[in-house]
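Reviewing the structure listed below.
2 protein chains.
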Amino acid sequence: MRFSDRISRMDTSAVRNVLALTAKPDIISFAGGLPAPESFPLEALRKASDKVYLTKGTAALQYGPSKGFQPLREKLARRHQAQGIACAADNILIVSGSQQGLDLAGKVFLEPGDLVICENPTYLAALTVFRSYGCTILPIETDADGMIPEDLERKLAENPDAKLMYVIPTFQNPTGKTWSLARRKAVLALAEQYGVPILEDDPYGALRYEGEPVPSLKSMDTTGIVTYMGSFSKVLSPGIRLGWLIAAPELLDKYASAKECTDLQASTISQMVVDTYLEDNDLDANIRHLNDLYRGRRDRMLSMLASEFPTDAAWTHPCGGLFLWVTLSEGIDTTALMPAMTANKVAYIPGMSFFANENVRNCLRLNFSNATDQQITQGMRIMGKLFREAG
Amino acid sequence: MRFSDRISRMDTSAVRNVLALTAKPDIISFAGGLPAPESFPLEALRKASDKVYLTKGTAALQYGPSKGFQPLREKLARRHQAQGIACAADNILIVSGSQQGLDLAGKVFLEPGDLVICENPTYLAALTVFRSYGCTILPIETDADGMIPEDLERKLAENPDAKLMYVIPTFQNPTGKTWSLARRKAVLALAEQYGVPILEDDPYGALRYEGEPVPSLKSMDTTGIVTYMGSFSKVLSPGIRLGWLIAAPELLDKYASAKECTDLQASTISQMVVDTYLEDNDLDANIRHLNDLYRGRRDRMLSMLASEFPTDAAWTHPCGGLFLWVTLSEGIDTTALMPAMTANKVAYIPGMSFFANENVRNCLRLNFSNATDQQITQGMRIMGKLFREAG
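Going down the list, the sequences are from chains A and B.
Residue 1 is where the first sequence starts when you use this note's numbering, and the numbers rise one by one after that.
Residue 392 is where the second sequence starts when you use this note's numbering, and the numbers rise one by one after that.
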């Protein structure tokens, strides 16, 4: 059998192996990006599900519109209007989790050989998707305030035909950083100047533990250059596999055609269950509860970093989201140390997976949402000791 | 904005417009491929759903394995073993409806310029998917017994580098035809001889209204050349969006990587609900009930064809599935007649949509699963009159 070139670029086994290893119950894993299961509104979703079966009947089990269940699209539009994005239901496409948004953007925009601009470092599964479309990644340097406009401008001037820009401006994956308003405006202006569409990934935006929200790029988008990707995975349930795209109607039609060719539509019943949940419950109250839980876990992890990690280590202070990012001294190889870590029943994702073109060996991503305070205390002690011994 | 070449080939608006038009409640539509909603086991699925929430708890709402929920994979493997396919859970990938199987096959196998072998005519959305991958369709002639091996052999000899073969051997879409055993063996042998992987789409196989089952290509596959696609859409619920692929483990790993890059995994909770439904209910009893319902509708449509359609019309006699196929006299243009049909509150899909390269204007596909006997009687009378007037 002859396979596509594409499939060799889709190899996800390295990270899958780490995650499989760390799924063992005796491992304290800071590797994945899982929300805390105890945060899921199980009983409210159970009630919503039962209500859908009883009130919607067989319509819940039938095919539905490819763009999504209309009442859910309307609720999402109202929610985002309140957050400053001028949108209506016509701007919303329901997708099967926001990972699908990456693939649909690939289908809509990307040709082999295209350049895709990303933050350096960035979400590793996005790199895999863009590479699967035969694209080259153009990484832009970042600092504590986000993507550095001067680096973006220089690289855009050298590569004015860049095809797409993928960014996570709020509680970024893997670093946990949030772009300042000034940076957002500068990057948006450059994208407009060069005509490069932006894919703004915002799965964590609602998970803010301190400080004030910063406007999304989409909320400042007056030309329709930004596609916004939202998700229920981190605020409600990832297992239900629902996210959404916001885009100008003509662009949204292209995403919808791609969605239809990919899997016809998102699950009718899952959409109705989430719609009913939103109707009968206060999602924001659930998010506040979640934020209280995650703030404590973040603080515990920050305090353990200070007490247990090598004194020359540096780390980010995320104001929200699921991750923080640790930079160790140059000599420490976080990839090479993984076997020792898992042998000692702790795990993280080595930083090098998140860099497109560089072999950065001394960083790691830590997830704090899916471990109890006790696990964080114990796991960080073990990890800190191993890093101190390696340094 | 510059878009991919691909997106212009993904235009699904023609058929979407027909389906949107025919979704109006006063239209008697034989256009779609919807199962009868009154056939959905609503109460059994409601109970299964509630049980999942109560017994699986938050695990039902969390991320799950990319290949699918293990107990469901095991049940599907056992089901197919009983139907003669040698397989285990390791051979099964759960997908978000079997439409996704087409896209994943595209990702795994297809490069721009590749040739994809299909029956002539074939499922129109498959044509769109293969074209979206930049492929050319190589249509093979069919008769009442299925794909004609002589035509396949001749075209394979001319195009030995054909990359993939897509077939629907049982209750084919759009014709309702079922391949004979001899044809299946001959096509499989030719695929093996030329090393062309087969994608066997079998969403309707269980919906048999008369005659004996014919073995699937996959059940006779000794070299791992066949990927089998199954679906819950026509036997349980299409709104739940679950299907599966069966393939050799190394090939399945490639599909799984493609699935992971596309949308990570199928819905955890939906998989658990279907698994629990299968555990607590007899799916085959539901299918028998469905077959009794659909047999009656098919028979009603066949009898109305005989009494109402032009005397020179010909049609297939499907032994199962959802569709039958009508060929009218050469002068009748089923595409041009659509506005008159919808103005008179009836609808079908014009036959030309199902042909890859030919402009065949005098055929139509009729769906009989989603209309009551009364609607079939009334709709076929209106349609027959308009065709007689046009002839």
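Using N, Cα and C, we set each Cβ at its ideal position, and we do this for glycine too.
Keep in mind the model is a prediction, meaning the values are calculated, not measured.
Proximity below 8 Å, CB of residue i to CB of residue j
i	j	result
B/Ile616	B/Glu583	yes
B/Thr513	B/Tyr557	yes
A/Pro35	A/Pro238	yes
A/Ala162	A/Ile94	no
A/Pro37	B/Gln662	no
A/His80	A/Ile287	no
B/Arg574	B/Leu608	no
A/Ile332	A/Gly391	yes
A/Leu190	A/Glu153	yes
A/Ser98	A/Gly146	no
A/Ser267	B/Ile483	no
B/Ala517	B/Leu493	yes
B/Thr527	B/Leu501	no
A/Phe368	A/Leu124	no
A/Gly321	A/Leu207	yes
A/Arg131	A/Arg9	yes
A/Ala371	A/Ile28	yes
B/Leu777	B/Met732	yes
B/Tyr600	B/Tyr685	yes
B/Lys447	A/Phe3	no
B/Gln461	B/Ala480	yes
B/Ala647	B/Ser430	no
B/Gln656	B/Gly424	no
For residue j and residue i, believed in contact at Cβ under 8 Å, the rounded distance
i	j	result
A/Val346	A/Met383	5 Å
A/Pro203	A/Lys177	The pair is not a contact, with the Cβ atoms about 15 Å apart (cut-off 8 Å).
Close Cβ partners of residue i (< 7 Å) along its chain, the five nearest in sequence each way excluded
i	result
A/Arg388	Pro310
A/Ala258	Leu104, Lys107 and Val108
A/Asp263	Ser96
B/Phe623	Ile631, Leu633, Gly634 and Val665
B/Thr519	Met401 and Thr403
Residue(s) in a DSSP beta bridge with residue i
i	result
A/Ile94	A/Trp244
A/Leu115	A/Thr136
A/Met147	A/Thr142
B/Trp716	B/Arg756
B/Gly620	The sequence given here has Met at residue 620 of chain B, not Gly. B/Met620 pairs with B/Asp592 and B/Leu636.
B/Trp706	B/Val717
A/Ile28	A/Val346
B/Gly711	B/Arg599
A/Leu164	A/Val116
Neighbour list for residue i in chain A, Cβ cutoff strictly below 8 Å
i	result
B/Ser365	With chain B covering 392 to 782 only, the question about residue 365 of chain B has no answer from this structure.
B/Ser628	Leu61, Gln62 and Ile269
B/Thr519	Cys261
B/Asp441	Arg46, Ser49 and Asp50
Same chain only: Cβ atoms within 6 Å of residue i, ignoring 5 sequence neighbours per side
i	result
B/Asn735	Ile773
B/Asp542	Ile531 and Glu532
A/Leu324	Gly176, Trp315, Thr316, Pro318 and Leu366
A/Val196	Ala162 and Met165
Own chain, CB closer than 8 Å to residue i, minus 5 neighbours either side, in chain order
i	result
B/Thr725	Leu719, Tyr739, Pro741, Gly742, Met743, Arg752, Asn753, Cys754 and Leu755
B/Met695	Ile767, Thr768, Met771, Arg772 and Gly775
A/Asp373	Gly296, Arg297 and Arg300
A/Tyr194	Leu156, Pro160 and Ala162
B/Ile668	In the sequence on display, residue 668 of chain B carries Tyr and not Ile. Correct list, in chain order: Pro432, Ala435, Leu436, Ala439, Leu627 and Leu674.
B/Val443	Ala451, Ile660, Met663, Val664 and Thr667
B/Val605	Pro560, Thr561, Thr569, Trp570, Ser571, Leu572 and Arg575
A/Ala248	Asn91 and Gly224
Chain-ordered neighbours of residue i on chain B, where CB pairs are closer than 9 Å
i	result
A/Pro37	Gly448, Thr449, Ala450, Leu452 and Gln453
A/Leu42	Tyr444, Gly448, Thr449, Ala451 and Leu452
A/Arg365	Ordered by position in chain B, no residue passes the 9 Å Cβ test against A/Arg365, which lies about 17 Å from the chain.
A/Ser369	Per Cβ cutoff of 9 Å: no residues; A/Ser369 is ~12 Å from chain B at best.
Chain A residues whose Cβ lies nearer than 7 Å to that of residue i
i	result
B/Ser420	Per Cβ cutoff of 7 Å: no residues; B/Ser420 is ~13 Å from chain A at best.
B/Lys554	Arg2
B/Lys645	Phe3 and Ile7
Within chain B, partners of residue i - CB distance below 8 Å
i	result
A/Pro197	Met392
A/Gly97	Asp654 and Leu655
A/Lys177	The premise fails here: A/Lys177 is roughly 24 Å from chain B at the closest Cβ pair, so nothing lies under 8 Å.
Proximal chain B residues relative to residue i, where beta-carbon distance stays under 7 Å
i	result
A/Lys155	Near A/Lys155 there are no residues of chain B at all, since even the closest Cβ is about 18 Å away, more than 7 Å.
A/Ile240	Leu452, Ser658 and Ile660
Check: residue i C-beta below 7 Å from any heavy atom of the ligand GDP
i	result
A/Glu212	Because no ligand of any kind appears in the structure shown, any question about the ligand GDP cannot be addressed here.
For this session: Check distances from the C-beta atoms of the stretch 88–119 of chain A to those of chain D and list, in chain order, the residues that come in under 7 Å.
Result: Protein chains A and B are contained in the structure displayed, whereas chain D is not.
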